Structures are given as structure tokens and as C-alpha cells.
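In the UniProt record's numbering, the protein residues as written are 1 to 299. Quick reminder that beta carbons are idealized off the backbone N, C-alpha and C, glycines included. Keep in mind that this is a model prediction, so the values were computed, not measured. Written out below as C-alpha cells is the structure these notes cover.
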Amino acid sequence: MDQRGGVWIRAAAAVAVGGAIAARAVRRKSVDSSAVFVGVPAMVVHTVAGYRFAGLLLVFFFTSSRVTRVGEARKRALDPEFKEGGQRNWCVRPTLIGRKQVLSNSGIASILVVLIALFTGGTDRCLDSRESTVVTALIGGVIGHYACCNGDTWSSELGILSKAEPRIITTFKRVRKGTNGGVTIDGLLAAAAAGFSIGLAFVLIGFLTTQCAPDVFWRQLLVIPLATASGLCGSLIDSFLGATVQYSGYCSVRKKVVGVDGPSVTRISGMNILDNNGVNVVSVFLTTLLTALACTYIF
């Protein structure tokens with residue numbers, strides 16, 4: 001079978017698998033209906049670019065969807081935007097619902113995997129700057145993207161359940177739970193663990209799908225600590241932006257932290273420059289860029 005035929009088979013399989021996953025997730029209220037229209041095409045382009053990229057997308061989706069269901073009752077009391085089942089679009093945090101948020105959290109990775117497919121023809125490649133600096137940087141960007149998205153989700157969903165009071169990242173003063181830019185040790189550890197899961201998935205799938213020289217092959221293991229660092233770094237960037245350019249206030253009527261000003265709201269931190277969507281775009285972009293650059297030096 002020629003390479004083109006193999007690509008079409010992978011694309012067809014991705015449509016079937018992605019459609020089944022999206023339909024099941026909608027029934028379980030893990031996603032809303034936009035996942036059917038955005039998630040399946042994303043799954044197709046990721047799979048055509050390489051099985052590892054489809055694997056990263058699935059690891060992110062399933063693990064982040066799982067953590068959204070942890071402590072739902074407590075989250076509902078703390079988060080005014082929390083929805084039943086941690087309902088989410090494809091590749092977005094559960095508190096962000098809408099097409100703009102879907103594109104902001106999956107768009108960068110989708111662009112990168114399309115570029116990778118154009119350069120490689122859908123053949124999985126090892127990270128090796130000697131062979132291609134461009135491909136190495138693009139692959140590193142995808143790793144950084146999903147490490148950041150996963151890290152942000154895990155730290156938000158598990159950090160808010162921490163018994164410790166969060167501290168705002170800019171001054172380390174204690175703030176109310178749900179405040180943008182508030183961090184806890186539990187949340188930061190969760191972000192690192194989320195990045196680790198992305199790196200581990202990339203390496204394990206790569207062992208099955210790539211063929212490299214022995215020295216290059218074993219250097220791929222460095223993806224695991226790199227992705228771990230990217231998950232943590234992405235969460236820290238997100239928290240810093242949340243504390244500075246995203247508004248947080250306490251509503252005396254709803255007795256909750258909210259993201260918009262109002263007559264019954266007392267400001268806690270941040271300026272009303274970016275919303276959650278904007279913060280996610282910037283943090284994902286910066287983490288993607290930093291990880292891509294790191295890969296060109298490490299590999």
C-alpha cells in the first residue's frame with residue numbers, strides 16, 4: 001500500500017474513532033455539541049500528521065475530562081461558571097464554553113500538526129535537529145501546547161480543591177479560592193503531573209511508531225522532563241496573566257469570586273483586559289514557543 005493510501009485509512013479511522021468518542025462524551029455531558037464539529041476534524045488532522053499527535057490529543061481530552069469530575073459539588077459552590085459533569089468543549093477548560101474558546105485552545109496545535117504533515121508526509125519522526133530543525137521545533141511546539149493545556153486544566157480543577165488557601169502569584173498574599181492567579185502547592189504539582197502524562201504518552205507511542213538511530217532514539221526520553229516543565233511553566237504563565245490582566249472580584253450577593261465588575265463586587269486583583277479565553281491563548285502560545293525553542297537546543 002502506498003503512503004497516500006495509508007493516510008486516507010488513518011483519516012477514515014480518525015473520523016470513526018473521533019465521532020464515537022464525541023458522541024459518547026456528549027451523552028456523558030463531558031462535552032457540548034461543538035465537540036462534534038470541532039473535535040472530529042481536530043482528531044483527523046492530528047492522526048494524519050502522526051499517531052503520537054492523536055495520542056496527545058486523546059490523553060489531554062480523557063485525563064482533563066476525568067479531573068473535571070473530581071469534587072464536583074465543592075467546585076459548584078466555589079466556581080460560578082461550573083457546569084454539571086465539568087461540561088467542556090473540545091480542548092478547553094470546563095468553565096469556558098463557546099466556539100471561540102475551542103479555537104483558542106486547539107487552534108495552535110492543529111496548525112502545527114498540519115505543518116508537520118506537510119513536512120513529513122504523515123510519517124512519525126524523532127526529535128532530531130540534525131535531521132530537521134523545523135520539524136523538531138514544530139513537534140516540540142505540539143508537546144508544549146498539550147502540556148500547557150493539560151497542566152492548566154489539572155491545576156485549576158485539582159488546585160481549587162486544595163485545603164490550603166491559594167496565594168496570588170504576584171504578591172503571594174492569600175486570596176479566596178477561585179481567584180484568577182491564585183496558586184497552591186497542590187495545583188502546581190498537578191500541573192507538573194499533567195505535563196508528565198503528556199511527555200510519557202509521546203515517548204511510549206513514539207517507541208512504537210518511529211525508527212531512529214540508537215543515540216537519537218534514547219534521547220527522546222528527555223521529552224518527559226521537558227513536558228513536565230512545560231506543564232508547570234504553562235500553569236505559572238496562566239496564573240501570572242490571570243493575576244495581572246484578568247479581573248477577579250468578590251460578589252457579596254452571590255458569595256462567590258466572579259470575573260466581571262458590578263455594584264455588588266469588590267475587586268480582588270487584576271485588570272479587565274483579557275478574559276479566560278484571552279489568557280489561555282497567550283499562555284498556550286508562549287509555552288508552545290518556549291518548548292519549541294527548547295527542543296531545538298536539546299535535540
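{"Asked": "On the three-pair Cβ rule with 8 Å, is the stretch 149-166 touching the stretch 186-196?", "Found": "yes"}
{"Asked": "Could you pull out every residue in the same chain whose Cβ sits closer than 6 Å to the Cβ of ARG125, ignoring the five residues on either side in sequence?", "Found": "VAL135"}
{"Asked": "What residue range does the alpha helix (DSSP H) around VAL253 cover?", "Found": "Segment: none, VAL253 is in no alpha helix (DSSP H) and carries neither H nor E."}
{"Asked": "When you compare each of GLY262, THR47, ASN276 and VAL257 to LEU112 by their alpha carbons, which one comes out closest?", "Found": "THR47"}
{"Asked": "So is the beta-carbon of VAL265 under 6 Å away from any non-hydrogen atom of the ligand ZN?", "Found": "As far as ligands go, the structure on display features none, and thus does not contain the ligand ZN."}
{"Asked": "For VAL258, would you say it is in contact with chain C, using Cβ-to-Cβ distances shorter than 7 Å as the test?", "Found": "As a matter of chain content, chain C is missing from the structure shown, which is built from one protein chain."}
{"Asked": "Counting C-beta neighbours from all protein chains within 10 Å, is the total for VAL253 16 or more, i.e. buried, or is it exposed?", "Found": "exposed"}
{"Asked": "For VAL281, which option in ILE185, PHE207 and ALA109 has the closest C-alpha, if you only look at C-alpha atoms?", "Found": "ALA109"}
{"Asked": "Round the Cβ separation of GLY144 and SER230 to the nearest angstrom and send it over; I've been treating them as touching at under 8 Å.", "Found": "5 Å"}
{"Asked": "How big is the Cα-Cα spacing for ASP238 and THR63?", "Found": "19 Å"}
{"Asked": "Measure the beta-carbon distance from residue 301 to ALA201 and round it to whole angstroms, keeping in mind my assumption that it falls under 8 Å.", "Found": "This structure cannot settle anything about residue 301, because the visible part of the chain is limited to 1 through 299."}
{"Asked": "Have a look at VAL44, LEU115, SER197 and ASP261 and flag the residue whose alpha-carbon is nearest the alpha-carbon of LEU232.", "Found": "SER197"}
{"Asked": "Using DSSP's beta-bridge definition, name the partner residues of VAL265.", "Found": "CYS251"}
{"Asked": "Taking 7 Å as the threshold (C-beta atoms), are ARG176 and VAL260 in contact?", "Found": "no"}
{"Asked": "Closest by CA to LEU58, which one among ALA49, MET43, VAL70 and ILE298?", "Found": "MET43"}
{"Asked": "Among ILE273, PHE207, VAL70 and LEU127, whose alpha-carbon lies nearest the alpha-carbon of ASP293?", "Found": "Here residue 293 is Leu; the residue named in the question, Asp, does not match the sequence. Checked all of ILE273, PHE207, VAL70 and LEU127; the closest Cα to LEU293 is LEU127."}
{"Asked": "For ALA213, count neighbouring Cβ atoms within 10 angstroms of its own Cβ and tell me buried if that reaches 16, exposed if not.", "Found": "exposed"}
{"Asked": "Out of curiosity, what's the CA-to-CA distance linking CYS148 and LYS255?", "Found": "31 Å"}
{"Asked": "Using a Cβ-Cβ cutoff of less than 6 Å, which residues in the same chain neighbour GLY187 once the five nearest sequence positions on both sides are dropped?", "Found": "SER155 and GLY159"}
{"Asked": "Note down the Cα distance separating LEU241 from PRO166, rounded to an integer number of angstroms.", "Found": "16 Å"}
{"Asked": "Just to confirm, is the Cβ distance from SER235 to ASN180 under 7 Å?", "Found": "no"}
{"Asked": "Name the DSSP beta bridge partners of VAL183, please?", "Found": "ARG167"}
{"Asked": "Would you decide whether GLN211 is buried or exposed? Buried here means 16 or more other CB atoms lie within 10 Å of its CB.", "Found": "exposed"}
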